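2 protein chains.
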Amino acid sequence: MLADMASNRAGRAVTIHTVAERAGVHASTVSRALRRDPAGAPAAVRRIHALAEELGYRPTLAGASLRTGQSHAVGVLVHRLTDVVQAMTFEAIDRAAVEAGYQAMVATTEDDPERQRRRADLLLSRGVDGLIVADAHLDGGYVDWLASRGVPVVLVIRGLPGHVSVTVDDRLAGRLVGGHLADLGHRNVAVLAGLAWSSASTERAAGAVAALRDRGVGPGDDLVVPCGLDVTSGHTAMGRLLDEHPDLTAVFAVNDFMALGAMIALREHGLEPGRDVAVVGYNDVDIAPAAELTTVRCPHDQMGSIALRQLLDLVQGRSAHSIRLSPELVVRASSGPPRTG
Amino acid sequence: MLADMASNRAGRAVTIHTVAERAGVHASTVSRALRRDPAGAPAAVRRIHALAEELGYRPTLAGASLRTGQSHAVGVLVHRLTDVVQAMTFEAIDRAAVEAGYQAMVATTEDDPERQRRRADLLLSRGVDGLIVADAHLDGGYVDWLASRGVPVVLVIRGLPGHVSVTVDDRLAGRLVGGHLADLGHRNVAVLAGLAWSSASTERAAGAVAALRDRGVGPGDDLVVPCGLDVTSGHTAMGRLLDEHPDLTAVFAVNDFMALGAMIALREHGLEPGRDVAVVGYNDVDIAPAAELTTVRCPHDQMGSIALRQLLDLVQGRSAHSIRLSPELVVRASSGPPRTG
DNA sequence: ATGAAAGCGCTAACAA
DNA sequence: TTGTTAGCGCTTTCAT
């Protein structure tokens with residue numbers, strides 16, 4: 000019996016015809032019996048199922064895909080999988096996909112427009128029914144191109160006007176952070192603003208700046224610095240900032256890794272995060288509690304699964320609409336009031 | 000022209016026949032002209048390429064796959080993509096795959112045997128030509144099952160006797176760490192030993208223990224504790240260890256995240272990593288330099304690309320063999336000598 | 001309820 | 001060098 004199963008790969012493949020022959024019915028009958036909503040005599044259906052199981056039959060999805068024009072696969076484009084937020088989001092998408100009988104195929108682009116187009120193209124060649132884009136650029140970029148080709152697309156994390164997206168209300172979150180720091184009494188706040196082309200980065204930064212200005216704290220443009228999304232970038236940017244603005248009392252980094260890098264830079268300057276300079280991050284990654292980092296918690300799992308649902312709606316001809324989820328400020332020891340004197 | 004390209008999806012699909020018709024040749028001629036190593040009159044080949052480009056032709060890989068029995072896709076099984084080491088390795092595999100004209104499809108299993116089998120099965124249904132397994136269990140598990148079905152399989156990171164694997168010499172690395180700590184004068188060393196079913200974890204731990212015993216430092220079995228691979232697990236395990244063994248002077252965690260968690264636990268106990276208790280991790284993840292963490296650097300990119308090569312060798316009927324790469328000890332401030340007195 | 005037949009897009013053996 | 005033909009595994013009318 001085990002040998003039979005092995006034959007699926009090793010020997011001749013077990014196809015729908017193999018099952019049909021053994022069952023003494025026509026291949027089309029097997030096909031019908033094996034679908035989600037089987038048609039046919041209940042007894043026959045059961046017999047065919049048992050036989051398929053026994054023979055170790057696995058459907059060759061390429062055949063079905065070719066015939067139906069649907070691959071039951073979706074593509075996911077992320078800038079890096081080593082960015083744990085993108086990884087979490089993809090995992091959530093993947094879980095939801097498997098549950099819905101779909102396969103999620105991921106591709107990394109490093110935010111490079113050329114690779115974005117190329118990988119999207121490859122995915123399309125693979126026959127994916129739609130695309131989830133987690134690395135959209137504010138200039139439209141390949142997303143506009145995809146949409147103009149009629150490809151079902153849903154954005155996640157980073158939004159873009161005119162396209163269906165599943166995001167957190169980053170601007171509101173930024174306001175929460177800005178308000179928090181202002182309320183603590185900070186008047187000299189810097190923002191590590193992330194990537195200029197990412198709505199997630201720019202909205203968070205803009206929200207914080209707006210909230211600060213509302214309360215009369217006006218961080219000059221020289222205190223809002225773009226930077227990469229990882230520890231090293233945050234470290235470097237913060238080091239430079241401290242050299243130029245030794246009077247800083249707080250910093251908001253638009254993601255936790257940058258914040259962690261900033262904390263390291265602070266210590267190198269002899270400053271204790273939370274006591275000498277308040278630090279706030281974004282995402283509440285698993286290391287944030289341990290680092291006592293004040294941050295913004297976002298429902299990445301939800302974002303992923305909702306994005307998949309929305310995409311399937313689009314793929315299956317239903318309508319889909321943008322969704323903005325609520326962020327939550329999580330206050331920890333890294334954000335204290337400014338030192339007096 | 001853009002409208003033409005859009006027709007690929009929106010309107011009628013652009014197939015090889017569309018191109019053939021417009022070129023005034025037969026479909027098979029187009030097929031031949033478009034392959035990697037084109038056959039046909041150079042002029043005709045160029046013309047067909049130009050036409051294909053103009054029409055926005057994208058091959059429907061399902062068709063080719065059905066015909067040739069090769070999908071030019073490989074599956075990759077990891078336990079979690081949020082584990083940055085697994086993510087790095089997958090990215091390397093993915094890069095190498097794209098370069099070779101393949102698509103890498105990843106699935107996460109959480110080290111759960113049931114999900115391992117299920118996801119492997121799904122991938123196989125998708126027609127992958129082979130599988131790279133980054134989450135192998137020492138009991139054989141689904142890897143044996145796959146191999147017995149004749150599926151080409153290459154293991155990466157975690158090895159398993161009797162299967163082709165691409166790993167780091169974890170035992171040697173463990174020995175380097177053990178030797179390093181012994182040389183510093185540590186006599187009371189604990190090991191956060193990771194997962195019992197992972198060769199990577201067990202080999203690293205065993206290597207360290209062996210090196211320590213060689214030098215007369217005999218960590219008892221109560222000082223070698225299994226634990227999960229993330230920050231939280233390391234944190235918890237270290238906390239418990241410190242409660243039971245307040246006289247510890249050094250700890251080796253078989254990965255950096257556990258080590259980071261351990262450092263946090265130390266600080267909570269009023270101990271300064273590197274000064275009061277030496278800490279060594281494993282992998283040299285991007286945050287390790289900032290944390291001043293002594294660790295072992297492993298060529299994850301190389302492992303990924305080599306694993307893919309090996310798999311393609313297997314898939315294409317050539318032979319493949321296990322490869323063990325060299326680790327490198329990176330000494331930083333987190334591992335100092337024991338405090339005297 | 002089941003069988004027959006056709007065809008999705010592609011490639012490979014063979015013929016010209 | 002190019003065209004012809006056949007068929008990979010599957011689903012889906014249409015007929016029975």
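Chains as they are written, first to last, in numbering that gives the first Met the number 0: chain A, 0 to 340; chain S, 0 to 340.
For each residue, glycine too, the CB sits at the ideal point set by N, CA and C.
Bear in mind the structure is a predicted one, so any value in this text is a computation, not a measurement.
Let me confirm a value: S/D36 is counted as buried when at least 16 other C-beta atoms fall within 10 Å, else exposed. Which label applies?
Along the second sequence, one-based indexing puts residue 36 of chain S at 37. Exposed, since its Cβ has fewer than 16 Cβ neighbours within 10 Å.
Give the residues of chain A in contact with S/H234, contact being defined as C-beta atoms less than 9 angstroms apart.
The residue you call residue 234 of chain S lines up with position 235 of the second sequence. Per Cβ cutoff of 9 angstroms: A289.
What residues in its chain sit with their C-beta under 6 angstroms from that of S/G10, if we drop five residues either side in the sequence?
Within the second sequence, residue 10 of chain S is the residue found at index 11, counting from 1. In this prediction, S/G10 has a pLDDT of 41, which is less than 50 and means its spatial position is unreliable; what the coordinates show is noted afterwards. Once the five neighbours on either side are set aside, S/G10 has no close Cβ partner at all.
Under three-state DSSP, which class holds A/G74?
Position 75 of the first sequence, counting from 1, holds the residue named residue 74 of chain A. Reduced to three states, the DSSP call for A/G74 is strand.
Alpha carbon to alpha carbon, how far is A/G353 from A/R266?
Shown here, chain A extends from 0 to 340; a query on residue 353 of chain A therefore has no answer.
According to a CB-to-CB cut-off of less than 9 angstroms, which residues of the region 115-136 of chain A neighbour chain S?
The residues in question are R117, R118, D120, L121, L122, L123, S124, R125 and G126.
Can you name, in chain order, every residue of its own chain whose Cβ lies under 6 angstroms from the Cβ of S/A38, other than the five neighbours on each side?
Locating residue 38 of chain S in the second sequence gives position 39, where the first residue counts as 1. Contacts found: R31.
Which of helix, strand or coil does DSSP assign to A/L154?
Here residue 154 of chain A is taken as the residue at index 155 of the first sequence, counted from 1. Strand.
Is there a Cβ of chain S sitting closer than 8 angstroms to that of A/D229, yes or no?
Taking the first sequence and counting its residues from 1, one reaches residue 229 of chain A at position 230. It does; some Cβ of chain S falls within 8 angstroms.
Following the continuous alpha helix (DSSP H) through S/L341, name the residue where it begins and the one where it ends.
Any question about residue 341 of chain S goes unanswered here, given that chain S covers just 0 to 340.
Out of S/E327, S/A207 and S/V152, which one is the CA nearest neighbour of S/G316?
Numbered from 1 along the second sequence, position 317 holds the residue referred to as residue 316 of chain S. Comparing Cα positions, the closest option is S/V152.
Pull out every residue of the region 84-114 of chain S whose Cβ sits closer than 8 angstroms to any Cβ of chain A, in chain order.
Correct list: A86, M87, F89, E90, D93, V97, Q102, M104, V105, A106 and T107.
Mapping DSSP to helix, strand and coil, what is A/R66?
Within the first sequence, numbered from 1, the residue matching residue 66 of chain A stands at position 67. Helix at A/R66.
What ranges does the beta strand (DSSP E) occupy inside the region 309-337 of chain S, keeping only unbroken runs of at least 3 residues that lie completely in it?
With a minimum length of 3 residues, the continuous beta strand (DSSP E) runs that stay inside the region 309-337 of chain S are 322-324 and 327-329.
Please list, in chain order, the chain A residues whose beta carbon lies closer than 7 angstroms to that of S/L80.
One-based indexing of the second sequence puts residue 80 of chain S at position 81. L80, A86, F89 and E90, listed in chain order.
Thinking just about the alpha-carbon of each residue, which of S/L137, S/L145 and S/W144 is nearest to the one in S/P348?
No answer is possible for residue 348 of chain S: it lies beyond the span of chain S, which begins at 0 and ends at 340.
Please go through the same chain and pick out, in chain order, the residues whose beta-carbon is closer than 8 angstroms to the beta-carbon of A/M302, but skip the five residues on each side of it.
Counted from its first residue, the first sequence places residue 302 of chain A at position 303. Excluding positions up to five away in sequence, the list reads T88, A91, V155, I156, V165, T166, V167 and L324.
Tell me the residue span of the alpha helix (DSSP H) that contains A/T201.
On the first sequence, residue 201 of chain A is found 202 positions in, with the first residue counted as 1. First-last of the alpha helix (DSSP H) with A/T201: S198 to D213.
Going by DSSP, what residues sit across from S/I131 in a beta bridge?
In the second sequence, counting from the first residue as 1, residue 131 of chain S sits at position 132. According to DSSP, which records beta bridges pairwise, S/I131 is partnered with S/V75 and S/V153.
What does S/P298 reach in chain A if we use C-beta pairs closer than 8 angstroms?
Residue 298 of chain S sits at position 299 when you count from the first residue of the second sequence. Here the premise fails: no neighbours, minimum Cβ distance about 15 angstroms.
Determine the burial state of A/R174: buried for a count of at least 16 other Cβ atoms within 10 Å of its Cβ, exposed for fewer.
On the first sequence, position 175 is the one that residue 174 of chain A refers to. When all chains shown are included, A/R174 counts as buried.
Is A/L191 close to chain S, meaning its C-beta is less than 8 angstroms from at least one C-beta of that chain?
Position 192 of the first sequence, counted from the start, is the residue given in the question as residue 191 of chain A. No, its Cβ sits nowhere closer than 8 angstroms to a Cβ of chain S.
Where does S/G193 land, buried or exposed, given buried means 16+ other C-beta within 10 angstroms?
For the purposes of this step, residue 193 of chain S is taken as the residue at position 194 of the second sequence. Buried, since its Cβ has 16 or more Cβ neighbours within 10 Å.
Is there a Cβ of chain S sitting closer than 8 angstroms to that of A/I263, yes or no?
For the purposes of this step, residue 263 of chain A is taken as residue 264 along the first sequence, with counting starting at 1. Chain S contact via Cβ: present.
Can you name, in chain order, every residue of its own chain whose Cβ lies under 6 angstroms from the Cβ of A/P112, other than the five neighbours on each side?
To locate residue 112 of chain A, count along the first sequence from 1; it is residue 113. Same-chain partners within the cutoff: G140.
For a cutoff of 8 angstroms on Cβ pairs, would you count S/H320 as touching chain A?
Working through the second sequence from its first residue, we reach residue 320 of chain S at position 321. It does not: the Cβ of S/H320 has no partner Cβ on chain A nearer than 8 angstroms.
Any idea which residues DSSP pairs A/G193 with across the strands?
Counting from 1 along the first sequence, the entry for residue 193 of chain A is found at position 194. Its beta-bridge partners are A/P225.
Compare the Cα-Cα distances from A/G184 to each of A/R338, A/S27 and A/T17 and report the closest residue.
Locating residue 184 of chain A in the first sequence gives position 185, where the first residue counts as 1. Selected option, being the one with the closest Cα: A/R338.
Just to confirm, are S/V190 and S/A204 a CB contact at a threshold of 8 angstroms?
Start at 1 with the first residue of the second sequence, and residue 190 of chain S comes out as number 191. Start at 1 with the first residue of the second sequence, and residue 204 of chain S comes out as number 205. Result yes, Cβ atoms of S/V190 and S/A204 sit closer than 8 angstroms.
According to the Cβ coordinates, are S/T293 and S/V314 closer than 8 angstroms?
The residue given as residue 293 of chain S occupies position 294 in the second sequence. The residue given as residue 314 of chain S occupies position 315 in the second sequence. Against a cut-off of 8 angstroms, the Cβ pair of S/V314 and S/T293 comes out as no contact.
Can you tell me whether DSSP reads A/T107 as helix, strand or coil?
Within the first sequence, numbered from 1, the residue matching residue 107 of chain A stands at position 108. Here A/T107 sits in strand by DSSP.
Tell me which residues share the same chain as A/A306 and place their Cβ nearer than 7 angstroms to its Cβ, disregarding the 5 neighbours each side in the sequence.
The count along the first sequence starts at 1 and reaches residue 306 of chain A at position 307. So the list reads I92, I131, V153, V155 and V165, once near-sequence residues are dropped.
What number of angstroms, rounded off, separates the C-alpha of A/I15 from the C-alpha of A/V29?
Taking the first sequence and counting its residues from 1, the one referred to as residue 15 of chain A is at position 16. Taking the first sequence and counting its residues from 1, the one referred to as residue 29 of chain A is at position 30. Taking the straight line joining both Cα atoms gives about 7 angstroms.
Which first and last residues belong to the beta strand (DSSP E) in which A/V250 is found?
By one-based count along the first sequence, residue 250 of chain A stands at place 251. Counting along the chain, the beta strand (DSSP E) containing A/V250 begins and ends at A249 to A252.
Compute the Euclidean distance between the alpha carbons of A/L240 and S/V105, then round it to the nearest angstrom.
By 1-based counting over the first sequence, the position of residue 240 of chain A is 241. By 1-based counting over the second sequence, the position of residue 105 of chain S is 106. So the alpha carbons of these two residues sit roughly 40 angstroms apart.
Using DSSP's beta-bridge definition, name the partner residues of S/Q102.
Along the second sequence, read from residue 1 onward, the residue named residue 102 of chain S stands at position 103. Per DSSP, S/A72.
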